[in-house]
Each structure stands twice: as C-alpha cells, then as structure tokens.
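Here the structure comes first, spelled out in structure tokens, and everything after it is commentary.
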Amino acid sequence: MALDQSFVGRTYPPTPAYEVGREKIREFAEAVGDANSAYVDPDAAKALGHSDVIAPPTFVFSITFKAAGQVIEDPQLGLDYSRVVHGDQKFAYTRPVRAGDRLTVTSTIEGIKSMAGNDILDIRGEVHDESGEHVVTAWTKLVARAAEEA
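Sequential numbering from 1 applies to the sequence shown in this note's numbering.
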C-alpha cells in the first residue's frame with residue numbers, strides 16, 4: 001500500500017541533545033579510514049581555525065538517521081521498515097561539527113512518491129547546536145521495496 005501523501009511537510013519534535021565527543025569523532029574517522037589530523041588532533045584542528053577537533057562530513061549521519069527513526073516508527077505513516085533500503089544521503093553544512101557540540105535534529109518528511117510499486121520517502125534533518133544555530137541539513141532517501149507477489 002502506498003504511503004499517504006498527506007504526510008509530506010510533517011515535522012517531528014527535536015531530538016534530545018547529542019553531545020559530540022572527541023573519542024566518538026576519532027572512532028568514526030578510524031572506521032571510515034579518514035586520517036585527517038583535524039579529526040583527532042586538537043592542535044591540528046586549531047591550526048585550521050577550529051576550536052576543537054572536527055568530525056568527518058558523514059559523522060552527522062549517525063545522529064540524523066537516529067532522529068529519522070521518529071518518522072520510520074510513526075505508526076500512522078505505515079512504513080514497513082523490513083522492506084526499506086537506504087537510497088541516498090546528502091549534506092549541506094553551515095559549519096563543521098565540533099567536539100563539544102550539543103546537537104538536536106528536527107526531522108521533516110520532505111517527499112513521498114511511489115514508483116513501480118516502491119515507496120520513496122525523503123526525510124530532511126535540520127541539525128542545530130545548543131545556541132540554536134544551524135550546523136547542517138541532512139537529506140535521507142529511503143526506498144520501501146514493493147511486496148513480492150505470492
């Protein structure tokens with residue numbers, strides 16, 4: 001069954017604040033194989049004009065995808081997550097994520113369309129720091145594959 005188009009534009013409450021830690025940034029950088037010293041060395045980050053180590057650009061996915069869980073788990077939307085694959089991801093940064101940031105994410109359903117029996121769900125996550133300043137916008141595209149015929 002196709003997802004309800006009336007959900008387009010629905011915004012979910014901001015998440016609790018996520019405090020970005022140096023160790024989480026280091027672990028993520030190691031996991032993705034990015035050896036940029038600004039991700040692990042505060043002095044290297046400061047030499048580039050940052051107040052502390054910064055996170056790799058895709059680090060924010062870990063918190064924006066968790067925030068998108070509010071959409072995914074919305075029983076009124078009716079998304080069958082067992083049929084979902086991750087279709088696309090993109091980011092638009094105002095500034096890098098830094099160690100010590102306390103970030104919240106507000107998720108909005110930006111689009112729903114059906115194509116060849118598949119539902120395509122576009123979710124926008126607006127990430128702000130504790131002062132309310134915009135840090136990054138993340139777009140996540142999820143594809144709920146059509147149920148197979150019996």
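Backbone N, C-alpha and C fix where the C-beta goes; we use that ideal spot for every residue, glycine too. Since the model is a prediction, treat every value here as computed from it, not as a measurement.
Whole-number beta carbon distance between residue j and residue i, since they are thought to touch under 8 Å
| i | j | result |
| --- | --- | --- |
| D101 | D74 | With a Cβ gap of about 27 Å, D101 and D74 do not count as contacting. |
| V20 | A68 | At roughly 18 Å, the Cβ-Cβ gap does not stay under 8 Å, so V20 and A68 are not in contact. |
| I63 | Y18 | 5 Å |
| Q70 | Y12 | 4 Å |
| A29 | N36 | 7 Å |
DSSP bridge partner residues for residue i (one or two, in chain order)
| i | result |
| --- | --- |
| R98 | I54 |
| V143 | V85 and I120 |
| Y18 | L103 |
| S114 | D119 |
| I109 | I123 |
| V136 | Y93 and V127 |
Beta-carbon contacts of residue i that lie in its chain and below 7 Å, excluding the five residues immediately before and after
| i | result |
| --- | --- |
| V60 | F91, V97, V127, V136 and A138 |
| G117 | A146 |
| R95 | V135 |
| A45 | A38, D52, V53 and I54 |
Spatial neighbours of residue i in its chain, beta-carbon cut-off 8 Å, leaving aside the 5 residues before and after
| i | result |
| --- | --- |
| Q114 | Before going on, a small fix: residue 114 reads as Ser here, not Gln. Cβ neighbours of S114 beyond the five flanking positions: A2, L3 and I120. |
| F32 | The sequence given here places Val at residue 32; Phe does not occur at that position. So the qualifying residues of the chain are P56 and T58. |
| Q5 | I112 |
| D152 | Nothing can be reported for residue 152, as the shown portion of the chain is limited to 1 through 150. |
| H50 | A38, P96 and R98 |
| D88 | W139, T140 and K141 |
Sequence-distant residues of its chain with Cβ nearer than 6 Å to residue i (five each side left out)
| i | result |
| --- | --- |
| T15 | A67, T104 and V105 |
| R26 | V40 |
| R10 | I109 |
| D22 | Asp is not the amino acid found at residue 22; the sequence shown has Arg there. Excluding positions up to five away in sequence, the list reads V53 and A99. |
_Unbroken stretches of the beta strand (DSSP E), 3 residues or longer, contained in the segment 45 to 94_ = Whole beta strand (DSSP E) segments, 3+ residues: 84 to 93.
*asked:* Under 8 Å: do the segment 50 to 57 and the segment 103 to 117 share three or more Cβ pairs, one atom per stretch?
replied: no
_Tell me whether the segment 135 to 149 and the segment 75 to 92 touch, counting them as touching only if at least three CB pairs, one residue from each stretch, are closer than 8 Å._
yes
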